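Structure first, then comments.
Number of protein chains: 2
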Amino acid sequence: MDHSVQLLGISNAIVDILAHVDADFLEQIGAVPGSMTLVDMDRAREIYSQMGPATEMSGGSVANTVAGFANLGGSGAYIGRVKADQLGGIFNHDMRSLGIDVRLDAARDGAPTARSLILITADGQRTMQTYLGACTELGVADITPESVGTPKAMLIEGYVWDLPEGPDLTAKAIKIAKQNGTTVALSLSDSFCVERHRDSFEHAVRNGVDIVVADEDEVNALVGAESFDDALEALDDYDNLFAMTRSDKGSVIVHGDEKIVQPATPVDEVVDTTGAGDAYTAGFLYGWVNDMPLAECAKIGTFCGTTVIQQLGARIEPGLLDHYS
Amino acid sequence: MDHSVQLLGISNAIVDILAHVDADFLEQIGAVPGSMTLVDMDRAREIYSQMGPATEMSGGSVANTVAGFANLGGSGAYIGRVKADQLGGIFNHDMRSLGIDVRLDAARDGAPTARSLILITADGQRTMQTYLGACTELGVADITPESVGTPKAMLIEGYVWDLPEGPDLTAKAIKIAKQNGTTVALSLSDSFCVERHRDSFEHAVRNGVDIVVADEDEVNALVGAESFDDALEALDDYDNLFAMTRSDKGSVIVHGDEKIVQPATPVDEVVDTTGAGDAYTAGFLYGWVNDMPLAECAKIGTFCGTTVIQQLGARIEPGLLDHYS
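Here the protein sequences line up with chains A and B, keeping their order.
Note that the numbering used here has the first sequence beginning at 1, numbered continuously upward.
Note that the numbering used here has the second sequence beginning at 1001, numbered continuously upward.
Have a look at this one:
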């Protein structure tokens, strides 16, 4: 089997619209600080009309991971749905410019390209109001043996389960992957997303998913644990490889009897924590597809996550591994 | 006459698309480092397809000045043409969100909204490839007593003369301004632009323009001088107020027999020189419309320009004058 593509991402293709706001603004629009809320187009327009001048850049959790993976030197491919509008053009350009094989053409009709209004408060926290638009029209028909191909690994984000055909299209993608010897990784996205789709995630993790990428809250939500220690105990019952990030407590890798604790790297100044998990995943999977030992995968993941929180912007820049030792 | 709007800008409405490139890239596309080149849509597409991931934000020289002026606390209005596409929506949103009265609705048809591909090399220099799109369709019909209104000052950028109806629409705008007691300011944009339109600029400066904003190269080009000293001598023959920036040599204000030299403020680290001139103009005109002495106008302009070169991004942030003393 040709595994020349190392990582295929399947996720929501989103353009970020970033602006600084004060805390009053969040209260005024009724947003919980630090949360991600799905909104419809009218609500997105209403919030946007009240926001200050913004900066636009390609985003999306697993899309950030695939972009970072490509910038680390990995060979990436991507399935996500944008419309053939200007934001869709920006998204696909940015992915392709990294050498990523964008598998779906921008759609000629349907909802406009997704955007996430990212409201940044003075403490650096980000509150997201996301209009999924064209993403919601990603369907089972988009997932074919041709579009999936035969990558070494496939990474799906939990947010895909929010789409009308999400559960079916991910099941189909996992089935195709299994037929081709592709390793299936699942990013749990956020703990509220896990709550929304717990049974479906549990089923996938028991049936086809090989690697689970999660932060502490997400893994707790998945296994119904109150604490990380309880979660670790519950993982005894799973065969999967779990790569779990714990902010300043570092990361923990569990695979059967194997358990690796990778401490966090002390950081002088945290500029922006956005994308830390996605960058960790990029580094971890970069090590993994290159057959490195798990401890080394965790170390590269930590290096990537640590770098991203010390810069503005969620994506790993090219040449990062030149500074890795 | 109601001068409640203090500054009306008339200029090219452009969304900036910024990406880092290496010097080889500039050579490969045949661009002169640091230059601004006008390109057609095919050429813009071709260069964009070769560029890396980018960040999008509203730009344009005089649009930056009006945005900065509004963030200083001034009352601004704006005339520029965008299409009703996503980039046009971004541009108008960003202007309106600063309280600027955007006088023209986005056009339903015609060329797409203008964009400038801004290629940033490691030395911080910016090379621009600009597709003017919808800007080129700004016409004489867009300039009316209603759209111009009765601002205290009106600022036009030299680049407007590059538009097919540019010379006629600026003549009409200046005529309306004169009837309303509006002071007319002209930004000379860049020295190549001055070379392209020297006679037309000379005519405007002699007939209606009150204030000329320029850097050293631009004023030299306007008066045909080889050096700044020669240019100063040539200015004896003009009645206009000249506000001239000279980078680390500071700025010089000349008005009849009055001459003010404002030294530059030493800067620890220059992050990005883009927008320094536009920010200077915002500060200078903010002082001017508030009837401050010329020396104070120059001091505020210098403060704004100095601040902008120490940050990423060309626009003045809100609250800047809180730090002015």
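In this text, a Cβ means the ideal position worked out from N, Cα and C, and glycines have one as well.
Owing to the predicted nature of the structure, the values given are computational and were not obtained by experimental measurement.
Boundaries of the beta strand (DSSP E) in which residue i is found, first to last residue
i	result
residue 251 of chain A	251-255
residue 233 of chain A	Where residue 233 of chain A is concerned, there is no enclosing beta strand (DSSP E), although the alpha helix (DSSP H) it sits in stretches over 228-234.
residue 38 of chain A	36-38
Contacts around residue i, its chain only, beta-carbon distance under 7 angstroms, and the 5 residues preceding and following it disregarded
i	result
residue 1025 of chain B	1119
residue 77 of chain A	5, 8, 100, 101, 103, 149, 151
residue 1282 of chain B	1065, 1068, 1069, 1072, 1304, 1316
residue 1092 of chain B	1082, 1102, 1106
residue 197 of chain A	158, 161
residue 110 of chain A	83, 134, 137
residue 190 of chain A	36, 218
Residues that residue i bridges to, as DSSP identifies them
i	result
residue 1083 of chain B	B:1107
residue 1211 of chain B	B:1185, B:1241
residue 156 of chain A	A:10, A:186
residue 117 of chain A	A:17, A:129
residue 327 of chain A	Examination of residue 327 of chain A is not possible in this model, given that chain A is present from 1 through 325 alone.
residue 28 of chain A	Beta-bridge pairing links residue 28 of chain A to no other residue.
residue 258 of chain A	A:255
residue 138 of chain A	In DSSP, residue 138 of chain A forms no bridge with anything.
residue 1005 of chain B	Answer is none; residue 1005 of chain B lacks a bridge partner.
residue 1101 of chain B	B:1077
Close Cβ partners of residue i (< 6 angstroms) along its chain, the five nearest in sequence each way excluded
i	result
residue 1252 of chain B	1244, 1261
residue 1139 of chain B	1165
residue 298 of chain A	251, 253, 260, 262
residue 1288 of chain B	1297
residue 1219 of chain B	1231, 1244
residue 1176 of chain B	1145, 1148
residue 1095 of chain B	1078, 1102
residue 1294 of chain B	1253, 1260
residue 156 of chain A	10, 170, 186
residue 1121 of chain B	1023
residue 52 of chain A	19
First and last residue of the uninterrupted alpha helix (DSSP H) at residue i
i	result
residue 1131 of chain B	Taken as a continuous stretch (DSSP letters only), residue 1131 of chain B belongs to no alpha helix (DSSP H), being part of the beta strand (DSSP E) at 1126-1131.
residue 146 of chain A	145-148
residue 1195 of chain B	1191-1196
residue 217 of chain A	216-223
Cβ-based neighbour list, residue i, same chain, cut-off 8 angstroms, excluding 5 preceding and 5 following
i	result
residue 978 of chain B	The first residue shown for chain B is 1001 and the last is 1325, placing residue 978 of chain B beyond what the model contains.
residue 1172 of chain B	1140, 1143
residue 205 of chain A	186, 212, 222, 238, 240
residue 1270 of chain B	1124, 1309, 1310
residue 952 of chain B	Any answer about residue 952 of chain B is impossible in this case: the structure gives chain B only from 1001 up to 1325.
residue 1201 of chain B	1158, 1161, 1186, 1188, 1194, 1222
residue 1153 of chain B	1006, 1007, 1008, 1182, 1183, 1184, 1185, 1211, 1285, 1288, 1289
Residue i beta carbon near the ligand ADP (any heavy atom closer than 6 angstroms)
i	result
residue 1179 of chain B	The ligand content of the structure shown is nil, which means the ligand ADP is not present either.
Exercise for the section: Kindly provide the ranges of any alpha helix (DSSP H) runs that are 4 or more residues long and lie completely inside the region 1266-1320 of chain B, ordered along the chain. Expected result: 1276-1289, 1294-1309
Problem - chain B contacts from the region 51-78 of chain A (Cβ-Cβ distance under 8 angstroms) - result: 51, 52, 53, 54, 55, 56, 57, 58, 67
Practice task
Would you list, in chain order, the members of the region 93-116 of chain A that have their beta-carbon closer than 7 angstroms to a beta-carbon of chain B?
Solution key: 93, 94, 97, 98
Practice task
May I have a chain-ordered list of the alpha helix (DSSP H) segments no shorter than 4 residues that lie completely inside the region 1049-1079 of chain B?
Solution key: 1061-1071
Practice task
Name, going along the chain, the residues of the region 32-48 of chain A whose beta-carbon falls closer than 7 angstroms to a beta-carbon of chain B.
Solution key: 48
Problem - Residues of the region 238-270 of chain A whose Cβ lies closer than 7 angstroms to any Cβ of chain B, in chain order - result: none
Problem - Chain-ordered residues of the region 77-91 of chain A with a beta carbon less than 8 angstroms from chain B - result: 85, 86, 87, 90
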